[in-house]
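Residue numbers (the UniProt record's numbering): 1 to 405.
Each remark here refers to the structure printed beneath this line.
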């Protein structure tokens, strides 16, 4: 297990699922492989009214395009991590790229909302696979920090990109922004190991199905709290029984028994929930304090980009990881304090502080959490850890809606 007292930002980590690549994937390609998933999340939010008008549907119905994408990323992360564990990074890259391409093509051509929803899900599943591959290719906290900083920056510029592209013509290219990740796939394939170093003998289909049901129920909690919560509880109980019967299955028992791993997941979920709650609350709070929509947009873009830069800086410095985690957790608490103040500038600053806390923690713990489990389980550990982080994106906005209703 990684020694938390001495590990630094440059500490290498073994590629969890495959033989170490002959050379590392250059940083810009690594960032490009992962960042467009955030463009696919935030870019389309600004064109939903146009989509609704063109398809002659309510705007509320069009918002399911966001839910479908978020669901695809959430469930695709552990599922594609399972494939990576079974067949290696190259297989995950190829399938992820195929899904992104197919989903994007469907989004460009689909004439109805159901087909658009299908395209968003397929595209998101592929994007999740490529993010999982990128994180398995990272190899150090510094490079993991580059990934999360790039994702944060892309998420910040997504609405602006969506506005500019949408104003130039149709809204369909905005839905295709996630396909930019395909530009990095050839470079990733050149350095990816051809096969898994310790492949499992067979795929645990029942275990994967239970994870799929559990993740789906949790993602839908904000839209249908009681039914989704009930399904989530039943799925969790069934999954626990399945794991005891098949300890080396899709969710390995050794992973769940690791207190270090589950602690990392809990911290990531808490800080991600806080970050996404603040991200959704800040525009409304600033509007209540008299800021125009344009001022809110420019201000939030600036602090989020600055926060993304600070994420990369903080994860690049040579500090003991307990110190880094202490700073990041403290920033998370500070962000909550700032957003509760009556003054607009601290409220705006809370978004930047929150992105540093959440994204920096994701970068650091994406290395520490898999290091807490046996080597053969690390791809699944990365997938499950990132599922916990993604669930913060579902819980945070729901919490804001409840508190500000």
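Ideal Cβ placement from N, Cα and C applies to all residues, glycine included.
For residue 29, the enclosing alpha helix (DSSP H) stretches over residues 27–34. Here the alpha carbons of residue 209 and residue 231 stand approximately 13 Å from one another. With a cut-off of 8 Å on Cβ pairs, the region 390–403 is in contact with the region 278–286, counting three or more such pairs.
A residue is called buried once 16 or more other Cβ atoms fall within 10 Å of its Cβ, and residue 298, having fewer, is exposed. Separation of residue 224 and residue 217 (C-alpha to C-alpha, rounded to the nearest whole angstrom) is 9 Å. In the same chain as residue 381, and ignoring 5 residues on each side of it, the C-beta atoms closer than 7 Å to its own belong to 255, 261, 369, 370, 373, in chain order. Contact between residue 97 and residue 30 fails: their C-beta atoms lie close to 15 Å from each other, not under 8 Å.
Under the three-state reduction of DSSP, residue 140 is assigned to strand. Annotation: residue 28 to residue 227 spans about 43 Å, alpha carbon to alpha carbon. The region 124–141 makes contact with the region 63–80: 3 or more CB pairs, one atom from each, lie closer than 8 Å. Sequence-distant Cβ neighbours of residue 90 in its own chain, meaning closer than 6 Å and more than five residues away, are 192, 194. Note on residue 288: under 16 other CB atoms within 10 angstroms of its CB, so exposed under the neighbour-count rule. Here the alpha carbons of residue 153 and residue 272 stand approximately 16 Å from one another. Of the other Cβ atoms in all chains shown, fewer than 16 fall within 10 Å of the Cβ of residue 114; this residue is therefore exposed. In this structure residue 141 is not in contact with residue 327, their Cβ atoms being roughly 14 Å apart against a cut-off of 8 Å.
Less than 7 Å divides the Cβ of residue 356 from the Cβ of residue 311.
DSSP, read as helix, strand or coil, puts residue 64 in helix. Contact fails between the region 94–112 and the region 162–171, because fewer than three Cβ pairs, one in each stretch, are under 8 Å apart. Taking each of 187, 183, 40, 74 in turn and checking the Cα distance to residue 219, the smallest one comes out for 74.
Counting along the chain, no alpha helix (DSSP H) covers residue 291, and no H or E run does either.
Buried is the label assigned to residue 258, since at least 16 other Cβ atoms lie within 10 Å of its Cβ. It is roughly 15 Å from the alpha-carbon of residue 229 to the alpha-carbon of residue 392. Going by C-alpha positions, residue 205 is about 27 Å away from residue 189. DSSP, read as helix, strand or coil, puts residue 108 in helix.
A check of alpha carbon separations from residue 24 across 187, 172, 62, 92 identifies 187 as the nearest.
Counting only the Cα atoms, residue 175 lies some 14 Å from residue 126.
Every alpha helix (DSSP H) stretch that sits fully inside the region 195–267 and reaches 4 residues is listed by chain position as 205–219, 225–245, 253–257. Taking 7 Å as the cut-off, the Cβ atoms of residue 394 and residue 159 do not count as close. Membership of residue 375 in any alpha helix (DSSP H) is not indicated, and neither H nor E is assigned to it by DSSP. Taking 7 Å as the cut-off, the Cβ atoms of residue 162 and residue 47 count as close. Nearest Cα to residue 359 within the set 94, 32, 390: 390. With a threshold of 16 other beta carbon atoms within 10 Å, residue 150 meets it and is buried. With a threshold of 16 other beta carbon atoms within 10 Å, residue 343 falls short and is exposed. The alpha-carbon separation between residue 32 and residue 265 amounts to approximately 25 Å. Counting only residues of its own chain and dropping the five nearest sequence neighbours on each side, residue 70 has a CB closer than 8 Å to the CB of 41, 124, 219, 390, 393, 394.
Judged by their CB atoms, residue 285 and residue 185 are not nearer to each other than the 7 Å cut-off.
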